[in-house]
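Participant: Using the numbering used here, read the sequence shown as starting at 5 and increasing by one per residue. Yeah, the Cβ is synthetic: ideal placement off N, Cα and C, and Gly gets one too. Please read all numbers here as calculations on a predicted model, not as lab measurements. Quick one: the structure is below, questions incoming.
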Amino acid sequence: MNGSILEIKDLKISFGTGEKKASAVRGIDLDVMKGEIHSLVGESGSGKTVTSTCVMGLLPEPPAIIESGTIKYKDLELLSLTAEERRKTRGKEIAMVFQEPSKYLNPAMKVGEQITEMLRLHLGMNHSEALKRAIEILDLVGLGGNTRVLSSYPHELSGGMKQRVMIGIAICCNPSLLIADEPTTALDVTLQLQILKLIMKLRRKLGMGILFISHDLAVVHDISDRVSVIYAGRIVESGSRADIFESPRHPYTRLLLASIPDAAKRGRKLAAISGRVPDAEHFPPGCAFHPRCPLAEDGCSQAQPEMEKIREGHSAACFCLSKEWTE
Numbered sequence: 005m006n007g008s009i010l011e012i013k014d015l016k017i018s019f020g021t022g023e024k025k026a027s028a029v030r031g032i033d034l035d036v037m038k039g040e041i042h043s044l045v046g047e048s049g050s051g052k053t054v055t056s057t058c059v060m061g062l063l064p065e066p067p068a069i070i071e072s073g074t075i076k077y078k079d080l081e082l083l084s085l086t087a088e089e090r091r092k093t094r095g096k097e098i099a100m101v102f103q104e105p106s107k108y109l110n111p112a113m114k115v116g117e118q119i120t121e122m123l124r125l126h127l128g129m130n131h132s133e134a135l136k137r138a139i140e141i142l143d144l145v146g147l148g149g150n151t152r153v154l155s156s157y158p159h160e161l162s163g164g165m166k167q168r169v170m171i172g173i174a175i176c177c178n179p180s181l182l183i184a185d186e187p188t189t190a191l192d193v194t195l196q197l198q199i200l201k202l203i204m205k206l207r208r209k210l211g212m213g214i215l216f217i218s219h220d221l222a223v224v225h226d227i228s229d230r231v232s233v234i235y236a237g238r239i240v241e242s243g244s245r246a247d248i249f250e251s252p253r254h255p256y257t258r259l260l261l262a263s264i265p266d267a268a269k270r271g272r273k274l275a276a277i278s279g280r281v282p283d284a285e286h287f288p289p290g291c292a293f294h295p296r297c298p299l300a301e302d303g304c305s306q307a308q309p310e311m312e313k314i315r316e317g318h319s320a321a322c323f324c325l326s327k328e329w330t331e
């Protein structure tokens with residue numbers, strides 16, 4: 005697997021059949037290396053969460069249909085595992101932090117019970133061992149390692165504390181891969197910064213590979229080693245953080261970057277991308293971005309561009325990469 009702990013190849017996922025078929029993911033290639041943060045970024049409806057949910061084995065089939073592709077975690081082909089095998093892998097080897105912790109923490113269980121349940125289930129710890137480890141986990145995620153949080157119900161905690169608890173549950177079994185799906189969206193700016201620092205600290209301390217999913221390019225800039233930009237269910241550009249933020253090549257990436265608020269742009273109207281992400285049931289022919297693209301030519305509506313290597317580690321899918329760009 006060339007050093008990667010997660011490797012997704014030609015993943016295609018749809019919902020429904022016939023005329024009502026919605027192609028949510030249309031041939032994604034993506035990998036995550038050990039110890040790196042690889043961000044998947046794009047507008048809402050572009051396929052980010054469907055991809056991550058499929059990796060976790062939480063995609064309901066039906067209505068979802070995995071049409072093709074492979075998802076390899078280390079030496080395991082995740083799509084070929086039984087439901088029981090996926091349950092054993094999920095939480096222990098691969099863990100996920102969700103966008104809104106209130107939806108995923110059990111309101112009827114104390115925090116300590118939710119952490120120790122994971123430890124007993126996946127690591128076979130007894131109650132005393134699990135409780136000791138739970139205190140260590142709370143300390144690691146910045147909740148002081150005290151018993152007050154352990155004995156609290158989720159509704160007794162603030163939003164930031166609940167997100168830290170969810171991260172603690174996710175990492176308690178020392179997974180090799182952490183998927184963070186919009187983990188700061190529901191938090192205020194101060195708490196966002198704290199959670200991002202916590203994620204980077206845990207990456208360094210535990211050596212996890214992290215798939216970080218976001219629509220916020222400012223956050224992605226601060227946290228990522230590599231970045232893949234997704235549009236209408238396909239990766240349109242992928243590269244290092246410097247490639248994407250300093251030398252973007254795909255028109256969609258460039259327009260996303262131009263729309264980021266910046267103090268240097270004070271007093272000027274922010275750039276915006278005209279139109280909207282197409283409905284997954286009615287993608288336009290050819291390049292899905294061509295109806296919104298300022299560089300589009302006639303050929304862009306006739307065929308779908310494939311990823312083209314720009315330099316080592318940096319590629320983009322566009323027929324107009326050589327065209328001059330003016331904002």
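1. Might you give, ordered along the chain, the residues of its own chain that have their beta carbon closer than 8 Å to the beta carbon of residue 70, omitting 5 neighbours on each side?
2. At a cut of 8 Å, does the stretch 73 to 91 reach the stretch 302 to 318 through at least three beta carbon pairs?
3. Whole angstroms are fine: how far does the CA of residue 111 sit from the CA of residue 203?
4. Could you tell me how far apart the beta carbons of residue 161 and residue 138 are, in whole angstroms, since I believe they sit closer than 8 Å?
5. Rounded to a whole number of angstroms, what is the C-alpha to C-alpha distance between residue 226 and residue 326?
6. According to DSSP, residue 16 sits in a beta bridge with which residue or residues?
7. Taking the continuous beta strand (DSSP E) assigned at residue 230, which residues delimit it?
8. Closest to residue 233 by CA distance: which of 293, 37, 206 is it?
9. Using a Cβ-Cβ distance cut-off of 8 Å, determine whether residue 317 contacts chain C.
10. Are the CB atoms of residue 186 and residue 228 within a distance shorter than 8 Å?
11. With which residues is residue 83 paired in a DSSP beta bridge?
12. Measuring CB to CB, does residue 215 end up less than 8 Å from residue 44?
13. Using DSSP with H/G/I as helix, E/B as strand and the rest coil, what is residue 126?
14. Mapping the DSSP letters down to three states, classify residue 185 as helix, strand or coil.
15. Excluding the 5 residues flanking residue 285 on each side, which residues of the same chain have their C-beta closer than 6 Å to its C-beta?
16. Taking the straight line between their C-alpha atoms, what separation do you get for residue 318 and residue 116?
17. In or out: residue 72 buried (at least 16 other Cβ within 10 Å) or exposed?
18. By how many angstroms is the C-alpha of residue 277 removed from the C-alpha of residue 169?
19. Distance check for residue 305 and residue 81, CA to CA, integer angstroms please.
20. Leaving out five residues before and five after residue 166 in sequence, what residues of the same chain have Cβ atoms less than 8 Å from its Cβ?
21. In the structure shown, what three-state DSSP assignment does residue 159 receive?
22. What span of residues does the beta strand (DSSP E) with residue 241 cover, start to end?
23. Hey, could you find the ends of the beta strand (DSSP E) residue 43 is sitting in?
24. Taking its Cβ as the centre, do 16 or more other Cβ atoms sit within 10 Å of residue 243, making it buried, or is it exposed?
25. Exposed or buried, residue 241, counting other C-beta atoms within 10 Å across all chains shown (16 or more means buried)?
26. Rounded to the nearest angstrom, how far is the Cβ of residue 7 from that of residue 211, given a contact under 8 Å?
27. Looking at the unbroken alpha helix (DSSP H) that takes in residue 225, where does it start and where does it end?
28. By a C-beta neighbour count over all protein chains shown, 10 Å radius and 16 as the cutoff for buried, is residue 247 buried or exposed?
29. Quick check on residue 283: buried or exposed, where buried means 16 or more other Cβ atoms within 10 Å of its Cβ?
30. Can you tell me whether residue 194 is buried or exposed, with buried defined as 16 or more other CB within 10 angstroms of its CB?
Facilitator: Taking the definition as stated:
1. On the sequence shown, position 66 is the one that residue 70 refers to. Once the five neighbours on either side are set aside, the close Cβ partners of residue 70 are 15, 16, 17, 58, 63, 83.
2. no
3. Reading the sequence shown from its first residue, position 199 is the one you call residue 203. Reading the sequence shown from its first residue, position 107 is the one you call residue 111. About 24 Å.
4. For the purposes of this step, residue 161 is taken as the residue at position 157 of the sequence shown. For the purposes of this step, residue 138 is taken as the residue at position 134 of the sequence shown. About 15 Å separates the Cβ atoms of residue 161 and residue 138, ruling out a contact at the 8 Å cut-off.
5. As a position in the sequence shown, residue 226 is number 222, starting the count at 1. As a position in the sequence shown, residue 326 is number 322, starting the count at 1. Those two C-alpha atoms are separated by around 29 Å.
6. Position 12 of the sequence shown, counting from 1, holds the residue named residue 16. DSSP lists 30, 72 as partners of residue 16.
7. For this step, residue 230 is matched to residue 226 along the sequence shown. Unbroken beta strand (DSSP E) run through residue 230: 230 to 235.
8. Start at 1 with the first residue of the sequence shown, and residue 233 comes out as number 229. Ranking 293, 37, 206 by Cα distance to residue 233 puts 293 first.
9. Chain labels in this structure do not include chain C; a single protein chain is all it has.
10. Counting from 1 along the sequence shown, the entry for residue 228 is found at position 224. Counting from 1 along the sequence shown, the entry for residue 186 is found at position 182. No.
11. For the purposes of this step, residue 83 is identified with residue 79 of the sequence shown, where counting begins at 1. DSSP output for residue 83 lists no bridge partner at all.
12. Locating residue 215 in the sequence shown gives position 211, where the first residue counts as 1. Locating residue 44 in the sequence shown gives position 40, where the first residue counts as 1. In contact: residue 215 and residue 44 (Cβ atoms closer than 8 Å).
13. Mapped onto the sequence shown, residue 126 falls at position 122. Reduced to three states, the DSSP call for residue 126 is helix.
14. Here residue 185 refers to the residue found at position 181 of the sequence shown. If DSSP states are grouped into helix, strand and coil, residue 185 belongs with the strands.
15. Here residue 285 refers to the residue found at position 281 when the sequence shown is read from its first residue. The answer, listed in chain order, is 26.
16. Here residue 318 refers to the residue found at position 314 when the sequence shown is read from its first residue. Here residue 116 refers to the residue found at position 112 when the sequence shown is read from its first residue. Annotation: residue 318 to residue 116 spans about 44 Å, alpha carbon to alpha carbon.
17. Along the sequence shown, read from residue 1 onward, the residue named residue 72 stands at position 68. Residue 72 comes out exposed.
18. If you number the sequence shown from 1, residue 169 lands on position 165. If you number the sequence shown from 1, residue 277 lands on position 273. Those two C-alpha atoms are separated by around 37 Å.
19. As a position in the sequence shown, residue 81 is number 77, starting the count at 1. As a position in the sequence shown, residue 305 is number 301, starting the count at 1. Cα to Cα, the separation comes out at about 35 Å.
20. The count along the sequence shown starts at 1 and reaches residue 166 at position 162. Hits under 8 Å: 105, 106, 109, 158.
21. For the purposes of this step, residue 159 is taken as the residue at position 155 of the sequence shown. Helix, per DSSP.
22. Taking the sequence shown and counting its residues from 1, the one referred to as residue 241 is at position 237. Its beta strand (DSSP E) spans residues 238 to 244.
23. Within the sequence shown, the letter at position 39 stands for residue 43. Residues 41 to 45.
24. Here residue 243 refers to the residue found at position 239 when the sequence shown is read from its first residue. Residue 243 comes out buried.
25. Here residue 241 refers to the residue found at position 237 of the sequence shown. With at least 16 other beta carbons inside 10 angstroms of its own, residue 241 counts as buried.
26. Translated into the one-based positions of the sequence shown, residue 7 becomes position 3. Translated into the one-based positions of the sequence shown, residue 211 becomes position 207. The pair is not a contact, with the Cβ atoms about 13 Å apart (cut-off 8 Å).
27. Numbered from 1 along the sequence shown, position 221 holds the residue referred to as residue 225. From DSSP, the alpha helix (DSSP H) with residue 225 extends over 221 to 227.
28. Taking the sequence shown and counting its residues from 1, one reaches residue 247 at position 243. Per the 10 Å Cβ criterion, buried.
29. Within the sequence shown, numbered from 1, the residue matching residue 283 stands at position 279. So residue 283 ends up on the exposed side.
30. Residue numbering aside, residue 194 sits at position 190 when the sequence shown is read from its first letter. By the neighbour-count rule (16 or more Cβ atoms within 10 Å), residue 194 is not buried but exposed.
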